[in-house]
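Visitor:
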């Protein structure tokens with residue numbers, strides 16, 4: 003069981019939650035500076051927690067304010083109130099924040115890990131896993147459902163299993179806690195040499211190392227009440243990406259290799275504006291390009307959207323990366339995933355837009371197009387809608403999704419329309435089960451190559467299901483995250 007915050011959702015790309023249909027979340031471009039504050043508890047003052055918002059912006063916020071914002075009373079609040087406030091540390095006793103460079107230097111596996119990540123090639127061969135259930139320690143079904151969906155992604159599993167971090171490795175001081183915990187998850191699942199005729203389950207287990215990692219990093223994904231599965235998924239993917247960036251940069255620095263960069267993502271170089279297109283009447287379109295260092299995670303799951311702002315005299319564009327592509331399904335025109343993708347590209351008027359030059363309000367429109375599609379495409383159906391008063395409701399409408407998804411070239415950016423598109427095959431569906439937005443339960447249906455069948459993972463329970471059951475509309479259990487792999 004889980005409980006959602008009652009306050010409005012974080013804005014997406016600077017836009018209010020109600021308008022984020024015109025600019026999907028750029029999950030990859032979360033730049034988390036000085037992660038050492040998260041890695042070592044002694045570097046964080048006792049009255050602060052690290053908060054990573056849905057937009058990936060790290061903030062130091064008062065713990066008490068976090069509780070108030072969620073409007074949830076912690077069971078231990080009264081007990082804590084009776085404890086005298088600890089004395090503030092003196093200037094001489096305050097810990098000194100340590101840089102990422104220091105932490106990576108102390109990580110004796112950093113060079114070997116960086117070399118492996120720099121040289122690794124993604125392997126898309128199916129992995130034959132023996133399914134296992136995951137014990138729900140408290141109200142953490144969102145963690146279990148996410149882990150089962152990621153395990154069903156064969157190239158993701160292989161990438162982590164092949165890292166030089168398996169059992170028997172003396173990790174010592176680690177600069178990659180998120181990667182470490184995910185590697186441990188992968189090693190809990192055995193592989194078959196050949197497909198099995200019948201579904202054979204391993205014993206369920208409790209992934210304590212995931213909870214320990216979240217606790218050590220003081221993540222908002224671990225509060226003991228319901229959390230959002232998409233936010234947890236983004237936290238894991240962003241965390242792994244950031245750790246890989248640091249490790250690879252450390253390896254390249256020691257070997258004098260230049261870091262590869264990809265236009266359209268966030269990196270250490272900051273933002274860059276360039277005129278990259280010339281249209282009619284010799285008017286250029288200013289496109290905002292930001293640079294991000296490549297990692298195996300961004301190569302596997304990182305896509306890009308191109309967001310356009312158009313007036314009668316000006317047209318600008320911004321390339322934004324994502325790990326999960328957010329789809330608004332509220333419109334009456336949307337009854338399927340394909341229609342939601344098409345609706346995402348529709349021009350939307352911007353109310354009250356003021357021209358920077360004339361200082362006058364002018365007619366302006368915003369729309370987006372897909373710039374880059376990743377091998378693994380995760381679609382986020384926006385089921386939870388916030389109103390101006392801070393209330394939240396669940397969108398229960400039927401939204402069809404296919405086993406094989408064909409991407410229309412109509413939703414691609416004009417400069418990539420000529421690229422060949424391959425269909426995407428569904429391999430996991432994560433559902434939210436519940437009548438209300440503020441409470442419910444997460445489960446996942448995943449395709450298991452080991453038994454060549456779909457299985458339903460509901461915490462410790464794992465059962466076989468049919469394709470019809472996976473695609474059926476069974477409210478209040480409705481699809482929330484869809485996982486597709488390029489064929």
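In the working numbering, the protein residues as written are 3 to 489. Virtual Cβ for every residue (Gly too), placed ideally from N, Cα, C.
Would a C-beta distance cut-off of 7 Å place residue 379 and residue 414 closer than the cut-off?
Guide: Not closer than 7 Å, so no.
Visitor: Shortest alpha-carbon distance to residue 460 belongs to which of 443, 384, 335?
Guide: It is 443 whose Cα lies nearest to the Cα of residue 460.
Visitor: Can you grab the Cα-Cα spacing for the pair residue 312 / residue 376, in whole Å?
Guide: If I take the Cα positions, the gap works out to 27 Å.
Visitor: I believe residue 191 touches residue 134 by the beta-carbon criterion, under 8 Å. Please report the beta-carbon distance rounded to the nearest angstrom.
Guide: About 6 Å; that satisfies the 8 Å criterion.
Visitor: Within 10 Å of its beta-carbon, does residue 126 have 16 or more other beta-carbons around it, so buried, or fewer, so exposed?
Guide: Flag for residue 126 reads exposed.
Visitor: With residue 134 as the anchor, note down where its beta strand (DSSP E) starts and where it stops.
Guide: Its beta strand (DSSP E) spans residues 134 to 136.
Visitor: What is the rounded straight-line gap between the Cα of residue 131 and the Cα of residue 152?
Guide: Going from the Cα of residue 131 to the Cα of residue 152 covers about 12 Å.
Visitor: By a C-beta neighbour count over all protein chains shown, 10 Å radius and 16 as the cutoff for buried, is residue 390 buried or exposed?
Guide: That one is exposed.
Visitor: Short of 6 Å in beta carbon distance, which residues of its chain neighbour residue 108, apart from the five on each side in sequence? Order them along the chain.
Guide: Cβ within range, chain order: 175.
Visitor: For residue 452, which of helix, strand or coil comes out of DSSP?
Guide: Of the three classes helix, strand and coil, the one that applies to residue 452 here is coil, per DSSP.
Visitor: Am I right that residue 249 and residue 115 are in contact with their C-beta atoms under 8 Å? What's the rounded C-beta distance?
Guide: That pair is a contact at about 5 Å.
Visitor: Under the DSSP definition of a beta bridge, which residues are partnered with residue 363?
Guide: Answer is 356, bridged to residue 363.
Visitor: Tell me the DSSP secondary structure of residue 186 in three-state form.
Guide: The answer is helix: DSSP assigns residue 186 an H, G or I state.
Visitor: Below 8 Å, can you find three or more Cβ-Cβ pairs linking the stretch 299 to 310 to the stretch 320 to 340?
Guide: Yes: at least three Cβ pairs fall under 8 Å.
Visitor: Which stretch, first to last residue, makes up the beta strand (DSSP E) that contains residue 380?
Guide: Unbroken beta strand (DSSP E) run through residue 380: 378 to 383.
Visitor: Alpha carbon to alpha carbon, how far is residue 419 from residue 209?
Guide: Computed Cα separation, rounded: 43 Å.
Visitor: Considering only their Cβ atoms, is the gap separating residue 382 from residue 328 smaller than 7 Å?
Guide: It is a contact, given that the beta carbons lie within the stated cut-off.
Visitor: Report yes or no: do three or more beta-carbon pairs, one from the stretch 348 to 355 and one from the stretch 454 to 472, lie closer than 8 Å?
Guide: Cβ pair count under 8 Å is below three, so no.
Visitor: Could you give the distance in angstroms between the alpha-carbon of residue 392 and the alpha-carbon of residue 431?
Guide: So the alpha carbons of these two residues sit roughly 29 Å apart.
Visitor: Can you tell which of 454, 202, 235 has its C-alpha closest to the C-alpha of residue 148?
Guide: With distances taken between Cα atoms, residue 148 lies closest to 235.
Visitor: Between which residues of its own chain and residue 437 is the CB-CB distance below 6 Å, once the five residues before and five after are set aside?
Guide: Correct list, in chain order: 478.
Visitor: Using a threshold of 7 Å, state whether the C-beta atoms of residue 166 and residue 243 are closer than that.
Guide: In this structure, residue 243 does not lie closer than 7 Å to residue 166 by Cβ.
Visitor: Compare the C-alpha of residue 207 against each of 421, 488, 464, 484 and name the closest.
Guide: Comparing Cα positions, the closest option is 464.
Visitor: Name, in chain order, the residues that DSSP records as bridge partners for residue 460.
Guide: Residue 460 pairs with 463.
Visitor: Does DSSP classify residue 305 as helix, strand or coil?
Guide: The answer is strand: DSSP assigns residue 305 an E or B state.
Visitor: Using the C-alpha atoms, what's the distance from residue 171 back to residue 340?
Guide: Computed Cα separation, rounded: 46 Å.
Visitor: When DSSP labels each residue in this structure, what does residue 418 get in the three-state scheme?
Guide: Helix.
Visitor: Excluding sequence positions up to five away, which residues of its chain have a Cβ less than 6 Å from the Cβ of residue 158?
Guide: Once the five neighbours on either side are set aside, the close Cβ partners of residue 158 are 152.
Visitor: May I ask which residues mark the beginning and end of the beta strand (DSSP E) holding residue 234?
Guide: Counting along the chain, residue 234 falls outside any beta strand (DSSP E), though it belongs to the alpha helix (DSSP H) covering 231 to 257.
Visitor: Which of the three DSSP states, helix, strand or coil, is assigned to residue 371?
Guide: The answer is strand: DSSP assigns residue 371 an E or B state.
Visitor: Sort 410, 201, 121, 424 by Cα distance to residue 246 and report the nearest one.
Guide: The residue with the shortest Cα to Cα distance from residue 246 is 121.
Visitor: Is it true that the CB of residue 240 sits closer than 7 Å to the CB of residue 112?
Guide: Not a contact, by the Cβ cut-off of 7 Å.
Visitor: For residue 452, count neighbouring C-beta atoms within 10 Å of its own C-beta (all shown protein chains included) and say buried if the count is 16 or more, exposed if not.
Guide: Buried, by the Cβ-count rule.
Visitor: Among 193, 315, 211, which has the Cα closest to the Cα of residue 203?
Guide: Checking every option, the nearest Cα to that of residue 203 belongs to 193.
Visitor: Could you tell me if residue 335 is buried or exposed, where buried requires 16 or more neighbouring beta carbons within 10 angstroms of its beta carbon?
Guide: That one is exposed.
Visitor: If residue 484 and residue 403 are in contact, beta carbons under 8 Å, what's the gap, nearest whole angstrom?
Guide: With 8 Å as the limit, residue 484 and residue 403 qualify as a contact, their Cβ atoms being about 6 Å apart.
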